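Enquirer: Taken in order, these protein sequences are the chains called S and Y. Take 1 as the starting number for the first sequence in this note's numbering and just add one per residue. Take 201 as the starting number for the second sequence in this note's numbering and just add one per residue. Where a beta carbon is used, it is the ideal one built from N, C-alpha and C, also for glycine. Note that this is a predicted model, so its numbers are computed, not measured. Below is the structure I would like to discuss, written out as structure tokens.
Number of protein chains: 2
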Amino acid sequence: MANPVEFYFDFSSPYGYFASEKINALAAKHNRSVAWKPVLLGIIFKTTGMAPLPTIPIKGDYAVRDFPRSARYYGLPFRHPDNFPISGVAASRAFYWLDGRDPAAAQKLAQALYRAFFVDNVDISNADNVISVAGKLGLAAAEVQAGMNDAAVKERLRAEVADAQTKGVFGSPYFILDGEPFWGSDRMDQVDRWLATGGW
Amino acid sequence: MANPVEFYFDFSSPYGYFASEKINALAAKHNRSVAWKPVLLGIIFKTTGMAPLPTIPIKGDYAVRDFPRSARYYGLPFRHPDNFPISGVAASRAFYWLDGRDPAAAQKLAQALYRAFFVDNVDISNADNVISVAGKLGLAAAEVQAGMNDAAVKERLRAEVADAQTKGVFGSPYFILDGEPFWGSDRMDQVDRWLATGGW
């Protein structure tokens, strides 16, 4: 059984959103599943000294121009969120709560949260909005809320972020294929070839 | 007459080297010429607060792994230079000296300098090594040396870096097509489509 493609992303990352729309089909082409792993770049940036793209002089302006242009290039809808960047804590906790019960449903929730944020301008740093998005997938509000507040779920998120740091994850999206790391939605062509060939 | 593709690069940038091997053929496909513009990211980074990739914790380690892997992906030879990163001042001055006489020859010099640095491990921050590389293209050592020391050439480099900053250049390679900016060797697929379609 081949290892799943590890897919690390932050819910505030436009490039993570682009990857979330492509990675399952890309992996499936090569008979691979995908292990989705939301992380919190705000914590990881404390180690690397990096900062959210929009806060960097000049490069931030370029990024804000590149987001919608790359979305159109990939054929994906995109609207720059009014509140951006945001904390992915609420969305990530909801994800890991559901992942503990049903990983496939958790992936669908992650995609729905990304689309809510980057297409419908819903602020998913707000727990009530996360509950609302989950509700459209048939998840009961009380259960989602209890899940996000569960101490074990909070600990799971902390442990996943720590594990990602141990593995060298420093940006979003970040893919690990059988130990080989690739950073960025613009590395998906290399991910494709690596899965086809096992390396070069 | 279509505008040339503006191609900004730093002589210490592996991704600039990759682009230098591809951009002329890419532009020619679309009946465009290329205006080569070496810049000094060390100066530009003072504005943006960015740092050379290898100096960034974790991300730097990834970059050092990505350089040869991306080179192989692009089908290009690559050897990580022993002295890296370096100052591109000497190489850039030699470039602009020659560009003032013969832009096509200056492009060939830039390619030869990049290959000397990233394939043959020649430290092109050393003016004597720049002169030696230029010599293999038939340029007289005394003329190259005088060119690098010419006050007008030094001023040209300063002016080009300042102009690049004005245009928003913050990394290498950086392309501007009819005013539209693209950053990174991994945006060459978008550059290709933009030149074909005029935008999307």
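Just the Cα atoms here: how many angstroms apart are Gln365/Y and Pro252/Y?
Expert: For this step, residue 365/Y is matched to residue 165 along the second sequence. For this step, residue 252/Y is matched to residue 52 along the second sequence. If you take the alpha carbons of Gln365/Y and Pro252/Y, they lie about 17 Å apart.
Enquirer: What residue ranges within the region 161-194 of chain S form continuous alpha helix (DSSP H) runs of no fewer than 4 residues, ordered along the chain?
Expert: none
Enquirer: Can you pull the chain S residues whose beta carbon is under 7 Å from the beta carbon of Asp392/Y, in chain order?
Expert: Counted from its first residue, the second sequence places residue 392/Y at position 192. Among the residues of chain S, none has a CB under 7 Å from the CB of Asp392/Y; the nearest is roughly 11 Å distant.
Enquirer: Any idea if Lys336/Y is buried or exposed, counting beta-carbon neighbours within 10 angstroms, 16 or more meaning buried?
Expert: The residue labelled residue 336/Y in the question sits at position 136 within the second sequence. So Lys336/Y counts as exposed.
Enquirer: For Phe67/S and Ser185/S, what's the separation of their Cα atoms in angstroms?
Expert: Here the question's residue 67/S lines up with position 67 in the first sequence. Here the question's residue 185/S lines up with position 185 in the first sequence. If I take the Cα positions, the gap works out to 11 Å.
Enquirer: Taking Cβ positions, are Ile324/Y and Phe218/Y nearer each other than 8 Å?
Expert: As a working note, residue 324/Y is residue 124 in the second sequence. As a working note, residue 218/Y is residue 18 in the second sequence. Cβ distance not < 8 Å, so Ile324/Y and Phe218/Y don't count as in contact.
Enquirer: If you check the beta carbons only, do Thr55/S and Phe170/S fall under 8 Å apart?
Expert: Residue mapping note: residue 55/S aligns to position 55 of the first sequence, counting from 1. Residue mapping note: residue 170/S aligns to position 170 of the first sequence, counting from 1. In this structure, Phe170/S does not lie closer than 8 Å to Thr55/S by Cβ.
Enquirer: Leaving out the 5 sequence neighbours to the left and right, which residues in its chain are closer than 6 Å to Ser92/S when beta-carbon positions are compared?
Expert: Locating residue 92/S in the first sequence gives position 92, where the first residue counts as 1. Within the same chain, Ser92/S has close Cβ partners Pro38 and Leu157.
Enquirer: May I have the straight-line CA-CA distance separating Ala25/S from Asn129/S, to the nearest angstrom?
Expert: By one-based count along the first sequence, residue 25/S stands at place 25. By one-based count along the first sequence, residue 129/S stands at place 129. About 28 Å.
Enquirer: Determine, using beta carbons only, whether Arg69/S and Val119/S come nearer to each other than 8 Å.
Expert: Mapped onto the first sequence, residue 69/S falls at position 69. Mapped onto the first sequence, residue 119/S falls at position 119. Their beta carbons are not under 8 Å apart, which means Arg69/S does not touch Val119/S by this criterion.
Enquirer: Beta strand (DSSP E) containing Phe207/Y: first to last residue?
Expert: On the second sequence, residue 207/Y is found 7 positions in, with the first residue counted as 1. Unbroken beta strand (DSSP E) run through Phe207/Y: Val205 to Phe209.
Enquirer: By Cβ distance below 6 Å, which residues in the same chain neighbour Ala27/S in space, the five residues on each side in sequence not counted?
Expert: On the first sequence, residue 27/S is found 27 positions in, with the first residue counted as 1. Once the five neighbours on either side are set aside, the close Cβ partners of Ala27/S are Val5 and Val34.
Enquirer: With DSSP run on the structure shown, which of helix, strand or coil describes Trp400/Y?
Expert: Along the second sequence, read from residue 1 onward, the residue named residue 400/Y stands at position 200. If DSSP states are grouped into helix, strand and coil, Trp400/Y belongs with coil.
Enquirer: Do Trp36/S and Ala134/S have their C-beta atoms closer together than 8 Å?
Expert: The sequence position of residue 36/S within the first sequence is 36, counting from 1. The sequence position of residue 134/S within the first sequence is 134, counting from 1. Result no, Cβ atoms of Trp36/S and Ala134/S do not sit closer than 8 Å.
Enquirer: Strictly under 8 Å for the Cβ-Cβ distance: is Ile206/S near chain Y by that measure?
Expert: Residue numbering for chain S in the displayed model covers 1 to 200; residue 206/S lies beyond these limits and cannot be assessed.
Enquirer: With DSSP collapsed to three states, give me the class of Lys37/S.
Expert: Here residue 37/S is taken as the residue at index 37 of the first sequence, counted from 1. Of the three classes helix, strand and coil, the one that applies to Lys37/S here is strand, per DSSP.
Enquirer: Is Lys29/S helix, strand or coil by DSSP?
Expert: By one-based count along the first sequence, residue 29/S stands at place 29. Residue state, collapsed to three classes: helix.
Enquirer: Hey, Asn321/Y and Asp282/Y: beta-carbon distance below 8 Å or not?
Expert: Position 121 of the second sequence, counted from the first residue, corresponds to residue 321/Y. Position 82 of the second sequence, counted from the first residue, corresponds to residue 282/Y. A contact, by the Cβ cut-off of 8 Å.
Enquirer: Along the chain, where does the alpha helix (DSSP H) that runs through Met348/Y open and close?
Expert: The residue you call residue 348/Y lines up with position 148 of the second sequence. Its alpha helix (DSSP H) spans residues Ala341 to Asn349.
Enquirer: Beta-carbon separation of Val153/S and Tyr96/S under 8 Å?
Expert: On the first sequence, position 153 is the one that residue 153/S refers to. On the first sequence, position 96 is the one that residue 96/S refers to. Cβ atoms of Val153/S and Tyr96/S: closer than 8 Å.
Enquirer: Would you kindly work out how many angstroms separate the C-alpha atoms of Gly199/S and Trp183/S, rounded to a whole number?
Expert: Here residue 199/S is taken as the residue at index 199 of the first sequence, counted from 1. Here residue 183/S is taken as the residue at index 183 of the first sequence, counted from 1. About 16 Å.
Enquirer: Starting from the C-beta of Ala396/Y, find all residues in its chain whose C-beta is less than 7 Å away, skip the five residues before and the five after it, and write them out in chain order.
Expert: In the second sequence, residue 396/Y corresponds to position 196, counting from 1. Here the set comprises His230.
Enquirer: For chain S, find out if any of its Cβ atoms is closer than 8 Å to the Cβ of Asp261/Y; answer yes or no.
Expert: Position 61 of the second sequence, counted from the first residue, corresponds to residue 261/Y. Chain S, which has a Cβ nearer than 8 Å to the Cβ of Asp261/Y, makes this yes.
Enquirer: Do you know offhand how far Gly347/Y's Cα is from Gly338/Y's?
Expert: If you number the second sequence from 1, residue 347/Y lands on position 147. If you number the second sequence from 1, residue 338/Y lands on position 138. Just so you know, the alpha carbons of Gly347/Y and Gly338/Y end up roughly 15 Å apart.
Enquirer: Tell me whether Ile256/Y sits in a helix, a strand or coil according to DSSP, three-state version.
Expert: Position 56 of the second sequence, counted from the start, is the residue given in the question as residue 256/Y. Ile256/Y falls in the coil class under three-state DSSP.
Enquirer: Between the Cα of Ala316/Y and the Cα atoms of Ala305/Y, Arg393/Y and Ile331/Y, which residue gives the shortest distance?
Expert: Taking the second sequence and counting its residues from 1, one reaches residue 316/Y at position 116. Closest option to Ala316/Y, Cα to Cα, is Ile331/Y.
Enquirer: In terms of residue numbering, what span does the alpha helix (DSSP H) encompassing Asp328/Y cover?
Expert: Position 128 of the second sequence, counting from 1, holds the residue named residue 328/Y. It spans Ala327 to Lys336 - the alpha helix (DSSP H) in which Asp328/Y sits, taken as one unbroken run.
Enquirer: Using beta-carbon positions only, say whether Gly16/S and Pro173/S come within less than 8 Å of one another.
Expert: One-based indexing of the first sequence puts residue 16/S at position 16. One-based indexing of the first sequence puts residue 173/S at position 173. Contact check for Gly16/S against Pro173/S passes: the beta carbons are separated by less than 8 Å.
Enquirer: What's the call for Pro285/Y, buried or exposed, on a 16-neighbour Cβ count within 10 Å?
Expert: Your numbering for residue 285/Y matches position 85 in the second sequence. Answer is buried; the Cβ neighbour count reaches 16.
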